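Numbering of the sequence shown is given in our numbering, commencing with residue 43 and proceeding in unit increments.
Glycine included, each C-beta is placed from N, C-alpha and C at the ideal position.
It should be emphasised that the depicted structure is a prediction, and the values quoted were computed from it without experimental measurement.
Remarks on the structure that follows.
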Amino acid sequence: MKKHIIIISLLLLWGLALPNILNFVPYDYDIFIRFNNNGYWYKELKEVPFAKFILNNEGLSFESYFLRYLEDIDYKNGTNKEIFLSALSSDVLFLAKGIELSAENLISLDINYYIDILKTLSKDSALIFETNESEKVVKYFSVLLGYDLKTEGNIYILGDSIFSRSLNNYLILAGSKTALEYIVNVFNSPNLQFKTKFKDLYESLAFDEKTWISGYSKGDAIKLNFPLDIYEEDVFTEYIKFSGFIENSVLKISFIQKTNKEEKPISSPTEDLMEKVPVLGNYFAGINITDSLDIMKMFEQWTVTSDSTSLEKLYDLTSSIINNATSTFYIVGDIDDSATNLSVAFLFKLSDGLNEIENTIKKYSGRYDANEGQWIIDINDENKVYFYEFEQFFVVSNIDKETYSKKAKIQRLMDLAAYNYLDKQRSYNIKIFLDLGDFIQKFLGIKINSKLIFWQEKDGYFIKYYLDIM
C-alpha cells in the first residue's frame, strides 16, 4: 500500500513538473491569455444559443464564411486548411508587454480583423500554438498573411515583422527577434517565469481543464468597458484576473479586478425586488443607490436610440429623485418592433416620501392628474414623462400608469424561466438582464432564444464582474 502511495505521488509530481504552454509567460509581461483545448470548447460553444446564431447558417454564418475563406486560400496556394485548424483547436497562448487592449475589441466577425492583428504584433507580443507540425503551420501562416517566408538558422521570418520558431511541441510567433529569444529563454528558465515569481497569484488563476479561457492583466493592460461602468479618478487597477467556460449551454465569463481602494461589500438582500419588476419588454437592471448617480450618466448613453432626445429630461428628473431613494433602484424597458421607440421605467423604494420629489416635478412645470393618480411633465408635443406610485415602487416612466398597470399584470421577471436559470447571484451593486433574442428578432428578424445576465459586486479591494450568455 505504501509503495502504491509513493508511486502515485511521484507520478503527480512528475505531471506537475512537465513543461506546458504557461511556461512561456515571463514574469515581467503585462498580459497573457490562454485558450485551452479549443477544439473541445468550440463544440461546447456551438451549443450556446447566441453563439449558434453567430456561427450557424441559420444566423450570421460566421463558421461557413471562415471555412470558405480558408478553402479559397487552399485553392489558390495548394495548402491544407486542416493543418491550420488543428493548431487552432489545441492550446493557444497570447502574451504581450507595453500594450493596452479593450475587452470588447477582442471580438469581431471580420476575419481580416484578426489577420491585421497578426500582421501588427507589437515587438514585445507573441502568439504560441501547441502543434506537432510547426513547419507546416508557419508556412500556412505566411500564406494566410500574404508574407514571404525565409529562414535564419532555426528561426522563420515572415515578411520583416514576425519571427517564429518551434520549441518542443510549440510554435512561437513573435513581433521581434528579441522577444522571440526572450520567450524561449523564459521557457527554459523557471526563475523568469510568471508562475515562479508570482506563485500565489498564479495558483489563483483558473488554468484547469474545466476552464476554456483564462488570463491575467497587469494594471490597465486590459480595459474593461462593460454595459454600465463607472470611472473613478482615485481608483487604480493593480491587476485583473479573468476566466471563461461553458456549462449547460451557457457561456460564463468572469473578471476579478484588484484595486487600490477598499469597498464595503453589499449585504445579500433577503428579497430581490428586481424579481417583482413587471416585464415591459427586453431589458432590466438593478442598481445599488450608492452607484446610481454615476450610473445614470452612463445609462443615458447606453439606452440611446435614433429618436431619444425626448428622454433627456426623464434622465435628469430620475437622477434628482435618486437622492430621495434608498437601497436599490430598478430599470425596465423595451425597444419596440420598429427598433426605434424606447419604453423605459425607473422604479424606486423611497426613503423620504414624495414632498421633495413633488417640488422637483413642479420645477419642471409638472401637473397632477387626480383621476389617474399620476404627475405629468410634457417633454414636447408628442412625449410626456409620468410619475406615480405602483405597489412597492415609485415609478418614473415615459408610459402612463394605466399602460404600466396592464403590463404589470401579465408577467413578472421572476416568471421568466431563463432569468431563474441564469440568476444565481444575490449580492450585487449592478445587475442587468437582457433578452438578446428579442433584440435580435426586432433588429434582424431572426428568432432565437438567447438571454444575457451581467452583474457587478464590490468586495474589499476587489471589483467582480460576471457575465452569463445563453
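**OP:** Under 7 Å Cβ to Cβ from Asp262, same chain only, skipping five residues before and after it: list those, please.
**Re:** Glu142 and Thr279
Original post:
Gly502 lies in the beta strand (DSSP E); which residues open and close that run?
Top reply: Where Gly502 is concerned, the enclosing beta strand (DSSP E) stretches over Leu494 to Ile511.
Original post:
Taking C-beta to C-beta, are Phe66 and Ile225 nearer than 7 Å?
Top reply: yes
**OP:** Might you give, ordered along the chain, the residues of its own chain that have their beta carbon closer than 6 Å to the beta carbon of Asn302, omitting 5 neighbours on each side?
**Re:** Phe278
Original post:
How long is the line joining the alpha carbons of Val374 and Leu322, rounded to whole angstroms?
Top reply: 7 Å
Subject >> Cβ neighbours of Asp376 in the same chain (closer than 6 Å, five flanking residues each side left out) >> reply: Leu322, Gly323, Asn324 and Ser385, listed in sequence order.
Original post:
Mind checking Gln453: buried by the 16 CB within 10 Å criterion, or exposed?
Top reply: exposed
**OP:** Would you check if the distance between the CB atom of Val185 and the CB atom of Asn119 is smaller than 7 Å?
**Re:** yes
Subject >> Of the listed residues Ile511, Val437, Ile73 and Phe77, nearest to Ile63 (C-alpha basis) >> reply: Phe77
**OP:** Using beta-carbon positions only, say whether Phe287 and Leu455 come within less than 7 Å of one another.
**Re:** No.
Original post:
Alpha carbon to alpha carbon, how far is Gly408 from Leu315?
Top reply: 29 Å
Subject >> Distance between beta carbons of Leu163 and Ile115, contact taken as under 8 Å >> reply: Contact doesn't hold; Cβ gap of about 20 Å is too wide.
Subject >> Of the listed residues Leu478, Ser285 and Leu392, nearest to Tyr508 (C-alpha basis) >> reply: Ser285
**OP:** Could you say if the stretch 431-439 and the stretch 287-297 meet the contact criterion of at least three C-beta pairs nearer than 8 Å?
**Re:** no
Original post:
Does the pairing of the stretch 79-98 with the stretch 477-497 give three or more beta-carbon distances under 8 Å?
Top reply: Taking 8 Å as the limit for Cβ pairs, the verdict is that the stretch 477-497 does touch the stretch 79-98.
Subject >> Burial state of Asp190, where buried means 16 or more other Cβ atoms lie within 10 Å >> reply: exposed
**OP:** Specify, as a first and last residue, the run of the beta strand (DSSP E) that Lys283 falls within.
**Re:** Thr279 to Glu289
Original post:
Can you tell me whether Lys404 is buried or exposed, with buried defined as 16 or more other CB within 10 angstroms of its CB?
Top reply: exposed
**OP:** Determine the closest residue to Ile125 out of Glu175, Asp442, Glu100 and Pro232, with distance taken between C-alpha atoms.
**Re:** Glu175
Subject >> Where the alpha helix (DSSP H) through Ser246 begins and ends >> reply: Lys241 to Ser246
**OP:** With a cut-off of 8 Å on the beta carbons, I'd call Arg207 and Ile199 a contact; round off their distance for me.
**Re:** Incorrect: roughly 10 Å between the Cβ atoms, too far for contact.
Subject >> Thr173 classed as buried or exposed, judged by whether at least 16 other C-beta atoms fall within 10 angstroms >> reply: Counting C-beta atoms within 10 angstroms of its own C-beta, Thr173 has 16 or more neighbours from the protein chains shown and is therefore classed as buried.
**OP:** Would you mind working out which of Ala138, Gly328, Glu100 and Asp276 sits nearest Glu499, comparing C-alpha positions?
**Re:** Gly328
Original post:
Shortest alpha-carbon distance to Tyr258 belongs to which of Phe249, Ile282 and Leu389?
Top reply: Ile282
Subject >> Best match in Ser132, Ile170 and Phe432 for proximity to Ala138 [C-alpha to C-alpha] >> reply: Ile170
Original post:
My guess is that Phe95 and Gly101 are in contact by the Cβ rule of under 8 Å, so how many angstroms apart are they, rounded?
Top reply: 4 Å
**OP:** Could you name the residues of the same chain whose beta carbon sits closer than 7 Å to that of Glu304, not counting the 5 residues immediately before and after it, in chain order?
**Re:** Taking C-beta separations shorter than 7 Å and ignoring five residues to either side along the sequence, the partners of Glu304 in its chain run Gly502 and Tyr503, following chain order.
**OP:** Spatial neighbours of Asp242 within its chain, please: CB distance less than 7 Å, with the 5 preceding and 5 following residues excluded, ordered by chain position.
**Re:** Scanning its chain for C-beta atoms nearer than 7 Å, with the 5 sequence neighbours on each side dropped, one finds no residue around Asp242.
**OP:** Round the Cβ separation of Gly217 and Asp166 to the nearest angstrom and send it over; I've been treating them as touching at under 8 Å.
**Re:** 7 Å
Original post:
From Thr193 to Ala460, what distance separates their C-alpha atoms?
Top reply: Taking the Cα positions, Thr193 is about 55 Å away from Ala460.
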